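Participant: The C-terminal position of the sequence shown is numbered 616 in the numbering used here, with every residue numbered one higher than the one before it. Backbone N, C-alpha and C fix where the C-beta goes; we use that ideal spot for every residue, glycine too. Keep in mind the model is a prediction, meaning the values are calculated, not measured. Sharing a structure, written as structure tokens. Questions coming.
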Amino acid sequence: MVSPGSLKRPPARVPPSALIARVRSQPPDDARLALDAVKVAAALLTDANQRQSRGERRQAALLARMIADPYGKTFTLALADRLFRPPDASRAAVVYRHLLETWGAPRCFPAWQRLALRAAAFGSLLFPSLVMPVVTRRIRANSRRVVLPAEKRLLHPRIERRYAEGMRLNLNLLGEAVLGEEEAQHRLDANLDLLADPHCNYVSVKVSSIFSQIHLVAFAETLQRIKERLRPLYAAAIEHSVRDPQGRSVPKFVNLDMEEYRDLQLTCRAFQEVLDEPPFLSLSAGFVLQAYLPDAFAMQRELTDWARQRVGRGGAPVKLRIVKGANLAMESVEAALHGWPAAPYAAKLEVDANFKRMLHFGCRPENAAAVRLGVGTHNLFDAAYALLLRVREGVDQLVELEMLEGMANHQARSVRDLAGELLLYAPIVHRTSFDNAIAYLIRRLDENTAPQNFLRDLFNMEPGDDDWHRQKERFLTSCRDRESVAFTPRRTQDRAAEAPSPAPLDGAFANEPDTDWSLPCNVRWIRSLVNGYVPSAPDPIPLQIGGELLTTDRWATGRDPSRPGVQAYRHSLAGLREVDRALDVAGNAGRSWAAVKPRNRAAILHQAAAGIA
4 MVSPGSLKRP PARVPPSALI ARVRSQPPDD ARLALDAVKV AAALLTDANQ RQSRGERRQA
64 ALLARMIADP YGKTFTLALA DRLFRPPDAS RAAVVYRHLL ETWGAPRCFP AWQRLALRAA
124 AFGSLLFPSL VMPVVTRRIR ANSRRVVLPA EKRLLHPRIE RRYAEGMRLN LNLLGEAVLG
184 EEEAQHRLDA NLDLLADPHC NYVSVKVSSI FSQIHLVAFA ETLQRIKERL RPLYAAAIEH
244 SVRDPQGRSV PKFVNLDMEE YRDLQLTCRA FQEVLDEPPF LSLSAGFVLQ AYLPDAFAMQ
304 RELTDWARQR VGRGGAPVKL RIVKGANLAM ESVEAALHGW PAAPYAAKLE VDANFKRMLH
364 FGCRPENAAA VRLGVGTHNL FDAAYALLLR VREGVDQLVE LEMLEGMANH QARSVRDLAG
424 ELLLYAPIVH RTSFDNAIAY LIRRLDENTA PQNFLRDLFN MEPGDDDWHR QKERFLTSCR
484 DRESVAFTPR RTQDRAAEAP SPAPLDGAFA NEPDTDWSLP CNVRWIRSLV NGYVPSAPDP
544 IPLQIGGELL TTDRWATGRD PSRPGVQAYR HSLAGLREVD RALDVAGNAG RSWAAVKPRN
604 RAAILHQAAA GIA
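The following block contains the structure:
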């Protein structure tokens, strides 16, 4: 018989509040801090799971099934991406039926939803104008958890409800890179209207959404135009000041988002230079850095040095929001198309380690005094780590937790209770511009179901199970690696320093990479060539036949489309005699070329390619 006293009892769990109090009174070393964060994360997950609503459980179960059903994920992505493109209901119905025929009703959906999908397909054959609006309305309704309607009558109650729950909203008017200045001005005006709204205290803006003509070769010129767009935004933030909890009048907050690697240097320079101008020296504004870019840590240090000097001159502190990054697929495709290395880290563990390094740097008291930190994460280990680290460093009031609106709301409530407050990043979109939400929805769905992502495991996770241990080990490994992970840029092309050479004959074929204008060294290189160019009358271009240069009495003028009305060059025209001679030379050359071994031909072509490069 086994006595009750001999049974092995699980260790008593220490409440998160007690762990935080212990960290405050007895600051632990980094290793102990990471282990304490695991305990806090376990408590947060347990609390979140217990407080999950029935609707949130249904949604989590659906996402868990979708992860196990790749066809369901593909169908959902395709449906969101393609159903809003056709100009009328009849064409949308054709697209809808094609997707359903191709992928079938996903097994991850409940039986009633699969039946509804098939019924809608049948109904769209007979009554597309009645059925398709219902289908698209259903998709819009499902998206409202993560993309809020921008119409004030719908948005204001959501903002008020979040404030009542102890959460603030960072509103981001969705829209990808604009194609023209008319659209860019419209987006700028929409953001100015948002800042004028008494319910809105905090907005995020991408420079690519308010200025369309971003040309990295013309870096200085583009920078000036972007600064012209930022000034009205910052001025509106000051004009429409609000009262903080202490009753003081403070400007609204404008946060600069940065999605593409190419915009990193440009956005950072514009941010610094405008805020250094006298009208905005007292304004606190924000900037975003993505930890999946190795360049982000060096940029964080640069921004911190600048901000500390700015505060020393009497300026206001700024805020840096650090996230892990959500555009990996886009960056990978962009790099592959141009023949560049991908800008982000190659491994998720490197991203996590860099995130920890940036978090530690930002939590140093001397840095946090000039650069308040926003920690954007849904990883409960990282959230717990940030909460404990900010307490250990004594910067509780200067570091805040941030999450996504509508993404794992039960987690958000638990983190809010422990942190005291929470900022939610909330995309908004007008009904007439819902297509702007598609890219965001697809990106979030793809990100949350990606391998190694915390949210992928969250939907079925309990403290102590296999998913938990896998995520815990990733977290502890990234904590150990935070000082050793490289932070040098992965894109290092330098046209001024490189010496093109023929590619090896036994290597795989690869085109010459495009020039990477996101790198400042390449912009300096091309600008030095442009600035050093001395205009002169072009030399006449003769004919060349068989290695001999010759001219005729007939000439033609060449035009440069970029300089209308300017004669770019003159070249000699061939007559019948020159054409016959060229054909004879070509025939003889063809016979001699045929005698060259294939490997030697390849070597000649490689040399020619290197010369052109």
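1) According to DSSP, is I325 part of a helix, a strand, or is it coil?
2) When you compare only the Cα positions, how much space is there between A489 and G317?
3) K209 by DSSP, collapsed to three states: which one?
4) Output yes or no for whether 9 Å exceeds the beta carbon distance between V1 and L177.
5) Looking at the strands, I want to know which residues DSSP matches up with M302.
6) Cα separation between G397 and F384?
7) What does the alpha-carbon distance come out to for the pair R311 and F364?
8) So, helix, strand or coil for N463, using DSSP?
9) Out of K351, L362, L286, which has the shortest C-alpha to C-alpha gap to F300?
10) Can you grab the Cα-Cα spacing for the pair Q293 / R446, in whole Å?
11) Identify whether V378 lies in helix, strand or coil by the three-state DSSP scheme.
12) Within 10 Å of its beta-carbon, does R434 have 16 or more other beta-carbons around it, so buried, or fewer, so exposed?
13) So, L425 versus E403, is the Cβ gap smaller than 9 Å?
14) For the alpha helix (DSSP H) containing N258, list its first residue and its last residue.
15) Tell me which residue opens and which closes the alpha helix (DSSP H) that F358 is part of.
16) Contact check, R602 vs L508 under 8 Å by CB: the rounded distance?
17) For L223 versus A288, is the C-beta spacing smaller than 9 Å?
18) Do you know how far the Cα of G535 is from the Cα of L576?
19) Count the other CB atoms within 10 Å of the CB of L82; is the residue buried (16 or more) or exposed (fewer)?
20) Return yes when the Cβ of D260 is within less than 9 Å of the Cβ of S207, no when it is not.
21) Please report the distance separating the alpha-carbon of H218 from that of R228.
22) Would you mind giving the Cβ-Cβ distance between V354 and A386, rounded to the nearest angstrom? I have them listed as a contact below 8 Å.
23) Exposed or buried, S93, counting other C-beta atoms within 10 Å across all chains shown (16 or more means buried)?
24) Please classify D2 as buried or exposed, where buried requires at least 16 other C-beta atoms within 10 Å of its C-beta.
25) Within the continuous beta strand (DSSP E) that includes I431, where are the two ends?
26) For R12 and R483, I'd like the C-alpha separation in whole angstroms.
27) What is the DSSP secondary structure of W520, reduced to helix, strand or coil?
28) To the nearest whole angstrom, what separates the beta carbons of V314 and A373, a pair I think is in contact under 8 Å?
29) Can you tell me whether L369 is buried or exposed, with buried defined as 16 or more other CB within 10 angstroms of its CB?
30) Select from D563, P543, P73, P564 the residue whose C-alpha is nearest the C-alpha of A554.
31) Whole angstroms are fine: how far does the CA of V220 sit from the CA of A144?
32) Do you know offhand how far L38's Cα is from T79's?
33) Please look up how many angstroms separate the CB atoms of R272 and L226, rounded, as I've assumed it's under 8 Å.
34) Could you give the C-beta distance for Y74 and W106, rounded to a whole number, given that I count them as a contact under 8 Å?
35) For P21 and F256, what's the separation of their Cα atoms in angstroms?
Facilitator: Quick answer:
1) Stepping through the sequence shown from its first residue, residue 325 is reached at position 322. Strand.
2) Residue mapping note: residue 489 aligns to position 486 of the sequence shown, counting from 1. Residue mapping note: residue 317 aligns to position 314 of the sequence shown, counting from 1. The straight-line gap from Cα to Cα measures roughly 35 Å.
3) Counting from 1 along the sequence shown, the entry for residue 209 is found at position 206. Three-state DSSP puts K209 in a strand.
4) The question about residue 1 has no answer here: the residues shown for the chain are numbered 4 through 616.
5) Sequence index remark: in the sequence shown, residue 302 carries index 299 (1-based). Answer is none; M302 lacks a bridge partner.
6) Within the sequence shown, residue 397 is the residue found at index 394, counting from 1. Within the sequence shown, residue 384 is the residue found at index 381, counting from 1. Between G397 and F384, the C-alpha separation is close to 20 Å.
7) Numbered from its first residue, the sequence shown carries residue 311 at position 308. Numbered from its first residue, the sequence shown carries residue 364 at position 361. Distance between the alpha carbons of R311 and F364 is about 14 Å.
8) Locating residue 463 in the sequence shown gives position 460, where the first residue counts as 1. Reduced to three states, the DSSP call for N463 is coil.
9) Along the sequence shown, one-based indexing puts residue 300 at 297. The shortest C-alpha separation from F300 is found at L362.
10) For the purposes of this step, residue 293 is taken as the residue at position 290 of the sequence shown. For the purposes of this step, residue 446 is taken as the residue at position 443 of the sequence shown. So the alpha carbons of these two residues sit roughly 15 Å apart.
11) As a first step, residue 378 must be located in the sequence shown, where it is residue number 375. Note: V378 maps to strand in three-state DSSP.
12) Along the sequence shown, read from residue 1 onward, the residue named residue 434 stands at position 431. Flag for R434 reads exposed.
13) On the sequence shown, position 422 is the one that residue 425 refers to. On the sequence shown, position 400 is the one that residue 403 refers to. Their beta carbons are under 9 Å apart, which means L425 touches E403 by this criterion.
14) For this step, residue 258 is matched to residue 255 along the sequence shown. Here N258 belongs to no alpha helix (DSSP H); instead the beta strand (DSSP E) covers 256-260.
15) To locate residue 358, count along the sequence shown from 1; it is residue 355. From DSSP, the alpha helix (DSSP H) with F358 extends over 351-366.
16) Locating residue 602 in the sequence shown gives position 599, where the first residue counts as 1. Locating residue 508 in the sequence shown gives position 505, where the first residue counts as 1. Rounded, the Cβ-Cβ distance is 6 Å, consistent with contact.
17) In the sequence shown, the residue the question calls residue 223 occupies position 220. In the sequence shown, the residue the question calls residue 288 occupies position 285. Here residue 223 is Ala; the residue named in the question, Leu, does not match the sequence. Result no, Cβ atoms of A223 and A288 do not sit closer than 9 Å.
18) Taking the first residue of the sequence shown as 1, we reach residue 576 at position 573. Taking the first residue of the sequence shown as 1, we reach residue 535 at position 532. Their Cα atoms are separated by approximately 32 Å.
19) Counting from 1 along the sequence shown, the entry for residue 82 is found at position 79. Flag for L82 reads buried.
20) Position 204 of the sequence shown, counting from 1, holds the residue named residue 207. Position 257 of the sequence shown, counting from 1, holds the residue named residue 260. The answer is yes: Cβ separation under 9 Å.
21) Along the sequence shown, one-based indexing puts residue 218 at 215. Along the sequence shown, one-based indexing puts residue 228 at 225. The straight-line gap from Cα to Cα measures roughly 11 Å.
22) Along the sequence shown, read from residue 1 onward, the residue named residue 354 stands at position 351. Along the sequence shown, read from residue 1 onward, the residue named residue 386 stands at position 383. Not a contact, Cβ separation roughly 16 Å.
23) The count along the sequence shown starts at 1 and reaches residue 93 at position 90. Looking at its Cβ environment, which holds fewer than 16 other Cβ atoms inside 10 Å, S93 is exposed.
24) Examination of residue 2 is not possible in this model, given that the chain is present from 4 through 616 alone.
25) The residue you call residue 431 lines up with position 428 of the sequence shown. Here the beta strand (DSSP E) through I431 covers 425-432.
26) Taking the sequence shown and counting its residues from 1, the one referred to as residue 12 is at position 9. Taking the sequence shown and counting its residues from 1, the one referred to as residue 483 is at position 480. Note that R12 has pLDDT 40, beneath the 50 cutoff, so the model's placement of it is unreliable and no number is given.
27) Within the sequence shown, residue 520 is the residue found at index 517, counting from 1. In the structure shown, W520 sits in coil (DSSP, three-state: anything other than H, G, I, E or B).
28) Here residue 314 refers to the residue found at position 311 of the sequence shown. Here residue 373 refers to the residue found at position 370 of the sequence shown. So it is a contact: roughly 5 Å between Cβ atoms.
29) Numbered from 1 along the sequence shown, position 366 holds the residue referred to as residue 369. In the sequence on display, residue 369 carries Glu and not Leu. With fewer than 16 other Cβ atoms within 10 Å, it is exposed.
30) The residue you call residue 554 lines up with position 551 of the sequence shown. Just to set this straight, residue 554 is Thr in the shown sequence, not Ala. Taking only the C-alpha atoms, the option nearest T554 is P543.
31) Residue 144 sits at position 141 when you count from the first residue of the sequence shown. Residue 220 sits at position 217 when you count from the first residue of the sequence shown. Their Cα atoms are separated by approximately 43 Å.
32) Residue 38 sits at position 35 when you count from the first residue of the sequence shown. Residue 79 sits at position 76 when you count from the first residue of the sequence shown. Taking the straight line joining both Cα atoms gives about 39 Å.
33) For the purposes of this step, residue 272 is taken as residue 269 along the sequence shown, with counting starting at 1. For the purposes of this step, residue 226 is taken as residue 223 along the sequence shown, with counting starting at 1. The Cβ separation is near 6 Å, so the contact holds.
34) Translated into the one-based positions of the sequence shown, residue 74 becomes position 71. Translated into the one-based positions of the sequence shown, residue 106 becomes position 103. Indeed they touch by this definition, with Cβ atoms about 5 Å apart.
35) The sequence position of residue 21 within the sequence shown is 18, counting from 1. The sequence position of residue 256 within the sequence shown is 253, counting from 1. This sequence places Ala at residue 21; Pro is not what is there. If I take the Cα positions, the gap works out to 34 Å.
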